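Residue numbers (this note's numbering), protein chains in the order written: chain A, -4 to 193; chain B, -4 to 193.
Protein chains: 2
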Amino acid sequence: MKQDNIYPVATMPRRKREELLGQRALMIWFTGLSGSGKSTVALALERELHERGRICRVLDGDNIRSGINNNLGFSTEDRMENIRRIAEVAKLFVDTGVITVAAFISPTCSMRELARDIIGADDFFEVYVSTPIEVCEQRDVKGLYKKARAGLIKEFTGVNSAFEPPRNPSLVIDTSSMSLDRCVEVIMQAIGERIEKR
Amino acid sequence: MKQDNIYPVATMPRRKREELLGQRALMIWFTGLSGSGKSTVALALERELHERGRICRVLDGDNIRSGINNNLGFSTEDRMENIRRIAEVAKLFVDTGVITVAAFISPTCSMRELARDIIGADDFFEVYVSTPIEVCEQRDVKGLYKKARAGLIKEFTGVNSAFEPPRNPSLVIDTSSMSLDRCVEVIMQAIGERIEKR
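What follows is the structure, given as structure tokens:
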């Protein structure tokens, strides 16, 4: 028996992985109404980061609600659990050295505080996508506002459920007054130094 | 209003990220008894991969049970949900281009089939850590075998709950007859080409 095999081997520290990747990890958390442009900006940001040689992971409804959170509904409890799991997954990505981008309505301060607590305030960069509801509703990409106005969706954020704007976001962008390219540019400028290797 | 902002931006394909990282992603799933050496080998493998410039993520009890799965117990349902969430997280890492290593007892064929189904058979490399139970129990690093024998832990794998050996694992390693270095070497040889960039 090789007793030496049971001795613990140390976990790889985040910093070592960041060195390997030539970048520093950061959590970029988008919050805003449905249709505000969170996912679009998140994906455009990912593309820009990738072009600059940065490794990035976008977490959004497409890969979260169909995967890790496919057994959650829309009750208050399930919405918190939804955010909790997203934050825990994000934390693992940040610890891996990956620039991690989450795009979820996350309508309440308590939800975003939960995410911040799990991920750690130092790594949490909150982007409030402040596009006015009139614009979001006019876009209505998924037809959800129409359904909510018709009473077919209960507790739809902005219609019959409140959105609490962040009190102190790291950045505010409004996709109704800024082009997509400009949104990405503003975010890149804001996070610039924080993702540079040490 | 900038209507162009709501047009969908494509998700970054895995292949693009693999190109950026200069590697191909793979899921390496360790299964075996408590004390068999899964985590130790996983962490040693991570260290070796890192030294070769590969980016790797180990998922094990330390970062999963205390994080994403901190609200799960040990009922049959919760054990399946534990594995399901691990597999969903792993799938996101593999899609990010990261070599992903999971070290969990995952005692039943159905658990490992669930993981394989979620992650995809092509990316699933199963390593059976076949260290005999006598050796695991003699090590008893966490004192769990002693507790299980004393009746303090119900359904402890190998004591009062069955371990179903994989029928067709990608690789078998026994840490009671192989040194840690040799275990890592054998795995590296086996996965060698599969993690090379295309």
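Glycine included, every Cβ here is placed at the ideal spot set by N, Cα and C.
This one's a predicted model, so the numbers in the text were calculated from it and none came from an experiment.
*When the cut-off is 7 Å and only beta carbons count, does L38/B lie next to chain A?*
yes
What residue does the beta strand (DSSP E) around A98/B start on, and which one ends it? I94 to A98
request  = Starting from the beta carbon of E41/A, find every residue of chain B whose beta carbon is closer than 7 Å, and list them in chain order.
outcome  = M7
**Prompt:** Name the DSSP bridge partner or partners of I23/A?
**Reply:** V96/A and F120/A
request  = Sort out for me which residues DSSP pairs R52/A with in a bridge.
outcome  = T95/A
CA-to-CA distance, V167/A to Y123/A, given in whole angstroms: 5 Å
**Request:** For N58/A, return the contacting residues in chain B, with the cut-off set at a CB-CB distance below 7 Å.
**Result:** L87
- Task: State whether the stretch 80 to 99 of chain B contacts the stretch 42 to 56 of chain B, with contact taken as three or more CB pairs (one from each stretch) at a distance under 8 Å.
- Result: Judged by Cβ distances under 8 Å, the stretch 80 to 99 of chain B makes contact with the stretch 42 to 56 of chain B, as three or more pairs qualify.
To the nearest angstrom, how far is it from the Cα of L44/B to the Cα of S171/B?
-> 23 Å
Exercise. Is A39/B near V179/B, with beta carbons less than 7 Å apart?
Worked result: yes
With 7 Å set as the bound, which would you pick, yes or no: does the beta-carbon of T35/B sit closer than that to a beta-carbon of chain A?
yes
Exercise. Nearest chain A C-beta to G62/B closer than 7 Å, yes or no?
Worked result: yes
### Message
Quick check on DSSP: helix, strand or coil for G146/A?
### Response
coil
Drop a sphere of 10 angstroms on the beta-carbon of T152/B, count the other beta-carbons inside from all chains shown, and report buried for 16 or more, exposed for fewer. buried
* Asked: Would you say E129/A reaches chain B, if we count a Cβ-Cβ gap shorter than 7 Å as a contact?
  -> no
Within chain B, partners of R12/A - CB distance below 7 Å:
At a C-beta separation below 7 Å, R12/A has these neighbours in chain B: I50.
Original post:
The alpha helix (DSSP H) with I186/B in it runs from where to where?
Top reply: For I186/B, the enclosing alpha helix (DSSP H) starts and ends at L175 to I186.
Just by C-beta distance, which residues in the stretch 62 to 85 of chain A are closer than 7 Å to chain B?
G62, I63, R80, E83 and V84
Around the C-beta of K137/A, are 16 or more other C-beta atoms found within 10 angstroms, so that it is buried, or is it exposed? Burial state of K137/A is exposed, judged by a 10 Å Cβ sphere holding fewer than 16 other Cβ atoms.
| With burial defined as no fewer than 16 other Cβ atoms inside 10 Å of the residue's Cβ, what is the status of R19/B: buried or exposed? | buried
Q.
Measuring alpha carbon to alpha carbon, tell me which residue in S29/B, G32/B, W24/B and T6/B is nearest M106/B.
A. W24/B
Could you tell me which of L15/A, N65/A and S31/A sits nearest to E129/A, measuring between CA atoms? S31/A
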